[in-house]
Amino acid sequence: MEIRYANSPAETKTFDTDRLRNEFLIEELFVPGQLNMVYSHVDRFITGGVIPTNEPIKLEADKHEMGADFFLERREIGIINVGPKGSVTVDGTVYELDTKECVYIGLGNQDVLFNSADPKNPARFYFNSTPAHKNYPTVKVTLADAETEHLGSINSSNERVIHRFIHLNGVQSCQLVMGMTLLKPGNMWNTMPCHTHNRRSEVYFYFDMPEDGLVFHFMGEPSETRHLVVRNEQAIISPSWSIHSGVGTNNYTFIWAMAGENQVFHDMDKVAPQDLK
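This note's numbering numbers the first residue of the sequence shown as 41 and each following residue consecutively.
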(Lines of atoms letter the chains of each structure in order from A; the text may use other names.)
(Lines give C-alpha, C1' and ligand atoms only; values in the text may rest on other atoms or scores of the structure.)
Protein backbone atom coordinates (compact mmCIF):
# COMPACT_ATOMS: atom_id res chain seq x y z
CA MET A 41 0.00 0.00 0.00
CA GLU A 42 1.36 3.38 -1.02
CA ILE A 43 0.93 6.28 1.44
CA ARG A 44 0.16 9.85 0.36
CA TYR A 45 0.14 12.76 2.84
CA ALA A 46 -2.01 15.89 2.76
CA ASN A 47 -0.75 19.17 1.25
CA SER A 48 -1.75 22.76 1.93
CA PRO A 49 -2.66 25.26 -0.83
CA ALA A 50 0.37 27.39 0.10
CA GLU A 51 2.90 24.62 -0.54
CA THR A 52 1.07 23.13 -3.52
CA LYS A 53 1.39 26.33 -5.54
CA THR A 54 5.18 25.88 -5.45
CA PHE A 55 5.20 22.32 -6.88
CA ASP A 56 6.66 21.55 -10.28
CA THR A 57 5.05 19.00 -12.61
CA ASP A 58 6.80 15.97 -11.14
CA ARG A 59 5.90 16.93 -7.58
CA LEU A 60 2.25 17.57 -8.53
CA ARG A 61 2.04 14.15 -10.19
CA ASN A 62 3.73 12.38 -7.26
CA GLU A 63 1.36 13.96 -4.72
CA PHE A 64 -2.01 13.92 -6.50
CA LEU A 65 -1.96 11.56 -9.51
CA ILE A 66 -2.34 7.78 -9.15
CA GLU A 67 -0.81 6.48 -12.36
CA GLU A 68 -0.98 2.69 -12.08
CA LEU A 69 -3.94 1.04 -10.41
CA PHE A 70 -4.39 -2.04 -12.59
CA VAL A 71 -1.88 -4.87 -12.86
CA PRO A 72 -3.11 -8.37 -13.87
CA GLY A 73 -3.27 -10.70 -10.90
CA GLN A 74 -2.68 -7.94 -8.34
CA LEU A 75 -4.50 -5.62 -5.97
CA ASN A 76 -2.98 -2.12 -5.76
CA MET A 77 -3.94 0.51 -3.18
CA VAL A 78 -3.08 4.11 -2.31
CA TYR A 79 -3.83 5.39 1.20
CA SER A 80 -4.32 9.17 1.22
CA HIS A 81 -4.38 11.22 4.40
CA VAL A 82 -6.87 13.47 2.59
CA ASP A 83 -9.98 12.28 4.46
CA ARG A 84 -8.19 8.90 4.77
CA PHE A 85 -9.35 7.68 1.37
CA ILE A 86 -8.05 4.34 0.16
CA THR A 87 -8.22 4.09 -3.63
CA GLY A 88 -7.51 0.82 -5.37
CA GLY A 89 -7.70 -1.38 -8.42
CA VAL A 90 -7.66 -5.13 -8.88
CA ILE A 91 -7.58 -7.49 -11.87
CA PRO A 92 -8.27 -11.08 -10.77
CA THR A 93 -7.02 -13.57 -13.37
CA ASN A 94 -6.62 -17.28 -12.65
CA GLU A 95 -7.44 -17.07 -8.95
CA PRO A 96 -9.76 -14.89 -6.84
CA ILE A 97 -8.03 -12.03 -5.03
CA LYS A 98 -8.87 -11.23 -1.42
CA LEU A 99 -9.25 -7.70 -0.11
CA GLU A 100 -6.82 -7.64 2.81
CA ALA A 101 -5.81 -4.99 5.31
CA ASP A 102 -2.31 -3.59 5.50
CA LYS A 103 -2.03 -4.25 9.24
CA HIS A 104 0.93 -1.91 9.71
CA GLU A 105 -0.72 1.09 8.03
CA MET A 106 -4.36 0.40 8.95
CA GLY A 107 -3.95 -1.21 12.37
CA ALA A 108 -6.83 -3.55 11.52
CA ASP A 109 -7.24 -7.32 11.41
CA PHE A 110 -9.36 -7.14 8.25
CA PHE A 111 -9.93 -4.40 5.68
CA LEU A 112 -13.49 -3.44 6.64
CA GLU A 113 -12.98 -3.63 10.40
CA ARG A 114 -13.39 0.16 10.60
CA ARG A 115 -14.18 1.00 6.97
CA GLU A 116 -16.76 0.91 4.20
CA ILE A 117 -16.11 0.50 0.48
CA GLY A 118 -17.66 1.19 -2.92
CA ILE A 119 -16.56 -1.04 -5.83
CA ILE A 120 -17.29 -0.45 -9.52
CA ASN A 121 -16.40 -2.90 -12.28
CA VAL A 122 -14.92 -0.98 -15.22
CA GLY A 123 -14.11 -4.11 -17.23
CA PRO A 124 -15.72 -7.38 -18.35
CA LYS A 125 -18.00 -9.44 -16.11
CA GLY A 126 -16.83 -10.45 -12.66
CA SER A 127 -18.06 -10.95 -9.14
CA VAL A 128 -17.44 -9.76 -5.60
CA THR A 129 -18.08 -12.27 -2.83
CA VAL A 130 -18.88 -10.76 0.57
CA ASP A 131 -18.81 -13.20 3.50
CA GLY A 132 -20.04 -15.97 1.22
CA THR A 133 -22.65 -14.00 -0.76
CA VAL A 134 -21.80 -13.52 -4.45
CA TYR A 135 -22.58 -10.25 -6.24
CA GLU A 136 -22.24 -10.51 -10.02
CA LEU A 137 -21.05 -7.24 -11.55
CA ASP A 138 -21.17 -6.37 -15.23
CA THR A 139 -19.31 -3.34 -16.55
CA LYS A 140 -20.24 -0.04 -14.81
CA GLU A 141 -22.09 -1.84 -12.02
CA CYS A 142 -21.40 -1.05 -8.36
CA VAL A 143 -21.52 -2.78 -5.00
CA TYR A 144 -21.38 -1.05 -1.62
CA ILE A 145 -20.05 -3.06 1.33
CA GLY A 146 -20.45 -1.82 4.86
CA LEU A 147 -18.32 -1.92 7.99
CA GLY A 148 -17.70 -5.29 9.63
CA ASN A 149 -17.72 -7.61 6.63
CA GLN A 150 -14.61 -9.77 6.86
CA ASP A 151 -14.10 -11.77 3.66
CA VAL A 152 -14.24 -9.90 0.34
CA LEU A 153 -13.10 -11.74 -2.78
CA PHE A 154 -12.71 -10.41 -6.32
CA ASN A 155 -13.20 -12.85 -9.21
CA SER A 156 -13.42 -12.69 -13.01
CA ALA A 157 -16.04 -14.55 -15.03
CA ASP A 158 -13.40 -15.22 -17.71
CA PRO A 159 -9.76 -15.19 -16.53
CA LYS A 160 -8.63 -14.60 -20.11
CA ASN A 161 -10.81 -11.49 -20.30
CA PRO A 162 -10.71 -10.40 -16.67
CA ALA A 163 -12.80 -7.92 -14.76
CA ARG A 164 -11.28 -4.63 -13.60
CA PHE A 165 -12.52 -3.56 -10.18
CA TYR A 166 -11.97 0.04 -9.08
CA PHE A 167 -12.76 1.00 -5.48
CA ASN A 168 -12.80 3.77 -2.91
CA SER A 169 -12.89 3.17 0.84
CA THR A 170 -13.37 5.56 3.76
CA PRO A 171 -13.56 5.21 7.55
CA ALA A 172 -16.97 4.18 8.91
CA HIS A 173 -18.65 4.11 12.32
CA LYS A 174 -21.80 2.08 11.58
CA ASN A 175 -22.74 -0.94 9.50
CA TYR A 176 -24.97 -0.39 6.48
CA PRO A 177 -26.23 -3.25 4.28
CA THR A 178 -24.28 -4.51 1.31
CA VAL A 179 -26.12 -3.43 -1.86
CA LYS A 180 -25.51 -3.94 -5.58
CA VAL A 181 -26.40 -1.00 -7.86
CA THR A 182 -26.77 -1.00 -11.65
CA LEU A 183 -26.98 2.02 -13.92
CA ALA A 184 -30.74 1.44 -14.07
CA ASP A 185 -30.92 1.62 -10.26
CA ALA A 186 -28.88 4.81 -9.95
CA GLU A 187 -30.30 8.31 -9.56
CA THR A 188 -29.70 9.97 -12.92
CA GLU A 189 -29.29 13.63 -13.83
CA HIS A 190 -28.64 15.18 -17.25
CA LEU A 191 -26.48 18.30 -17.23
CA GLY A 192 -24.67 20.62 -19.63
CA SER A 193 -25.09 21.17 -23.34
CA ILE A 194 -23.29 20.51 -26.60
CA ASN A 195 -22.83 24.28 -26.99
CA SER A 196 -20.50 24.31 -23.98
CA SER A 197 -19.00 20.88 -24.77
CA ASN A 198 -20.13 19.40 -21.44
CA GLU A 199 -23.33 17.47 -22.11
CA ARG A 200 -23.19 14.60 -19.64
CA VAL A 201 -25.18 12.10 -17.58
CA ILE A 202 -24.52 11.74 -13.86
CA HIS A 203 -25.33 8.41 -12.18
CA ARG A 204 -25.37 8.54 -8.37
CA PHE A 205 -24.87 5.13 -6.73
CA ILE A 206 -23.97 5.74 -3.07
CA HIS A 207 -25.65 8.93 -1.78
CA LEU A 208 -28.28 10.30 0.58
CA ASN A 209 -31.21 9.31 -1.65
CA GLY A 210 -29.76 5.99 -2.75
CA VAL A 211 -27.50 3.39 -1.18
CA GLN A 212 -26.83 4.46 2.40
CA SER A 213 -23.33 4.81 3.85
CA CYS A 214 -21.53 6.48 6.73
CA GLN A 215 -19.69 9.08 4.66
CA LEU A 216 -18.76 7.65 1.27
CA VAL A 217 -20.56 9.21 -1.71
CA MET A 218 -19.87 7.64 -5.09
CA GLY A 219 -21.10 7.80 -8.66
CA MET A 220 -20.20 7.96 -12.33
CA THR A 221 -20.38 10.64 -15.00
CA LEU A 222 -20.57 9.78 -18.71
CA LEU A 223 -19.81 12.51 -21.25
CA LYS A 224 -21.73 12.24 -24.48
CA PRO A 225 -19.87 12.04 -27.83
CA GLY A 226 -18.53 15.41 -28.93
CA ASN A 227 -18.27 16.66 -25.32
CA MET A 228 -14.95 17.07 -23.54
CA TRP A 229 -15.40 19.29 -20.44
CA ASN A 230 -16.33 18.03 -16.98
CA THR A 231 -17.29 20.06 -13.91
CA MET A 232 -17.18 23.41 -15.66
CA PRO A 233 -18.14 25.90 -14.32
CA CYS A 234 -16.07 24.45 -11.52
CA HIS A 235 -16.42 24.50 -7.75
CA THR A 236 -14.79 23.58 -4.48
CA HIS A 237 -16.41 21.96 -1.44
CA ASN A 238 -14.40 22.69 1.66
CA ARG A 239 -16.45 20.19 3.63
CA ARG A 240 -15.50 17.21 1.45
CA SER A 241 -12.57 15.92 -0.54
CA GLU A 242 -12.90 13.92 -3.74
CA VAL A 243 -11.16 11.33 -5.91
CA TYR A 244 -11.65 11.26 -9.70
CA PHE A 245 -10.96 8.15 -11.78
CA TYR A 246 -10.88 8.62 -15.57
CA PHE A 247 -11.54 5.74 -17.97
CA ASP A 248 -13.20 4.76 -21.28
CA MET A 249 -10.43 6.66 -23.07
CA PRO A 250 -8.57 5.55 -26.20
CA GLU A 251 -4.90 4.63 -25.97
CA ASP A 252 -3.82 8.03 -27.31
CA GLY A 253 -6.47 9.97 -25.37
CA LEU A 254 -5.85 12.17 -22.36
CA VAL A 255 -7.53 14.62 -20.02
CA PHE A 256 -6.07 17.90 -18.81
CA HIS A 257 -7.27 17.85 -15.19
CA PHE A 258 -7.31 21.24 -13.51
CA MET A 259 -6.69 21.57 -9.78
CA GLY A 260 -5.55 24.12 -7.21
CA GLU A 261 -7.14 27.18 -5.69
CA PRO A 262 -9.33 29.18 -8.11
CA SER A 263 -6.73 31.95 -8.07
CA GLU A 264 -3.78 29.53 -8.44
CA THR A 265 -4.81 26.79 -10.86
CA ARG A 266 -2.52 23.99 -11.99
CA HIS A 267 -3.06 21.12 -14.41
CA LEU A 268 -2.14 17.45 -14.63
CA VAL A 269 -2.15 15.29 -17.74
CA VAL A 270 -4.23 12.19 -16.96
CA ARG A 271 -4.48 9.06 -19.10
CA ASN A 272 -6.84 6.12 -19.20
CA GLU A 273 -7.52 4.40 -15.85
CA GLN A 274 -5.64 6.93 -13.77
CA ALA A 275 -6.99 8.72 -10.70
CA ILE A 276 -6.64 12.17 -9.12
CA ILE A 277 -6.79 12.94 -5.40
CA SER A 278 -8.60 16.28 -4.99
CA PRO A 279 -8.30 18.05 -1.61
CA SER A 280 -11.29 19.99 -0.32
CA TRP A 281 -9.71 23.37 -1.17
CA SER A 282 -9.03 22.47 -4.80
CA ILE A 283 -11.11 22.81 -7.92
CA HIS A 284 -11.50 19.57 -9.91
CA SER A 285 -12.32 20.03 -13.54
CA GLY A 286 -10.99 18.74 -16.83
CA VAL A 287 -11.07 18.76 -20.60
CA GLY A 288 -10.21 15.78 -22.78
CA THR A 289 -9.10 15.08 -26.31
CA ASN A 290 -12.41 13.22 -26.71
CA ASN A 291 -15.34 12.20 -24.52
CA TYR A 292 -14.67 9.89 -21.57
CA THR A 293 -16.18 8.55 -18.35
CA PHE A 294 -15.13 9.23 -14.79
CA ILE A 295 -15.97 7.86 -11.36
CA TRP A 296 -16.14 10.34 -8.51
CA ALA A 297 -16.05 9.59 -4.81
CA MET A 298 -16.41 12.03 -1.94
CA ALA A 299 -15.91 11.89 1.81
CA GLY A 300 -15.84 14.39 4.64
CA GLU A 301 -18.16 16.60 6.65
CA ASN A 302 -21.46 15.70 4.95
CA GLN A 303 -23.01 13.78 2.06
CA VAL A 304 -25.01 16.57 0.40
CA PHE A 305 -24.13 16.36 -3.31
CA HIS A 306 -25.02 19.98 -4.09
CA ASP A 307 -23.18 21.44 -1.09
CA MET A 308 -20.47 23.22 -3.07
CA ASP A 309 -18.89 26.63 -3.45
CA LYS A 310 -19.28 27.56 -7.10
CA VAL A 311 -16.53 29.42 -8.92
CA ALA A 312 -17.40 31.71 -11.81
CA PRO A 313 -15.22 31.21 -14.91
CA GLN A 314 -14.18 34.86 -14.85
CA ASP A 315 -12.71 34.34 -11.37
CA LEU A 316 -10.31 31.59 -12.43
CA LYS A 317 -6.62 32.34 -12.84
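For each residue, glycine too, the CB sits at the ideal point set by N, CA and C.
Own chain, CB closer than 6 Å to residue i, minus 5 neighbours either side, in chain order
i, result
"residue 261", "49"
"residue 153", "96, 98 and 129"
"residue 279", "82 and 241"
"residue 221", "200, 202 and 294"
"residue 192", "198, 199 and 200"
Test item: CB-CB of residue i and residue j under 7 Å
i, j, result
"residue 245", "residue 295", "yes"
"residue 14", "residue 229", "Missing from the structure shown is residue 14; the chain here goes from 41 to 317 and no further."
"residue 73", "residue 87", "no"
"residue 115", "residue 78", "no"
"residue 269", "residue 254", "yes"
"residue 107", "residue 218", "no"
"residue 137", "residue 121", "yes"
"residue 283", "residue 80", "no"
"residue 297", "residue 168", "yes"
"residue 53", "residue 187", "no"
"residue 41", "residue 102", "yes"
"residue 126", "residue 157", "yes"
Rounded Cβ spacing between residue i and residue j (contact assumed at less than 8 Å)
i, j, result
"residue 162", "residue 124", "7 Å"
"residue 274", "residue 147", "The pair is not a contact, with the Cβ atoms about 29 Å apart (cut-off 8 Å)."
"residue 231", "residue 281", "Actually they do not touch by this definition, with Cβ atoms about 15 Å apart."
"residue 226", "residue 291", "7 Å"
"residue 216", "residue 203", "Actually they are not in contact, since the Cβ atoms of residue 216 and residue 203 sit about 15 Å apart, beyond 8 Å."
"residue 208", "residue 303", "5 Å"
"residue 91", "residue 70", "5 Å"
"residue 25", "residue 63", "Outside the shown range of the chain, which is 41 to 317, sits residue 25, and nothing can be said about it."
"residue 165", "residue 89", "7 Å"
Limits of the beta strand (DSSP E) - the one that residue i falls within
i, result
"residue 265", "264 to 270"
"residue 293", "293 to 300"
"residue 278", "274 to 278"
"residue 210", "Segment: none, residue 210 is in no beta strand (DSSP E) and carries neither H nor E."
"residue 43", "42 to 44"
"residue 287", "285 to 288"
Residues of its chain near residue i, where Cβ-Cβ distance is below 8 Å and the 5 sequence neighbours each way are ignored
i, result
"residue 181", "141, 142, 143, 144, 205, 206, 210 and 211"
"residue 301", "239 and 240"
"residue 285", "229, 230, 231, 232, 234, 257 and 258"
"residue 251", "272"
"residue 105", "41, 43 and 79"
"residue 307", "237, 239 and 240"
Residue i - containing alpha helix (DSSP H), residue span
i, result
"residue 50", "49 to 52"
Sequence-distant residues of its chain with Cβ nearer than 7 Å to residue i (five each side left out)
i, result
"residue 310", "233 and 235"
"residue 67", "274"
"residue 100", "111"
"residue 28", "Residue 28 is absent from the model: the chain starts at 41 and stops at 317."
"residue 139", "121, 122, 123 and 124"
- Whole beta strand (DSSP E) elements within the stretch 222 to 256, 3-residue minimum: 240 to 247
- Runs of alpha helix (DSSP H) lying entirely within the stretch 63 to 132, each at least 4 residues, in chain order: 103 to 106
- Message: Ignoring anything shorter than 3 residues, give me the beta strand (DSSP E) runs that lie fully in the stretch 144 to 207, in order along the chain.
- Response: 152 to 156, 165 to 171, 179 to 181, 187 to 191 and 200 to 206
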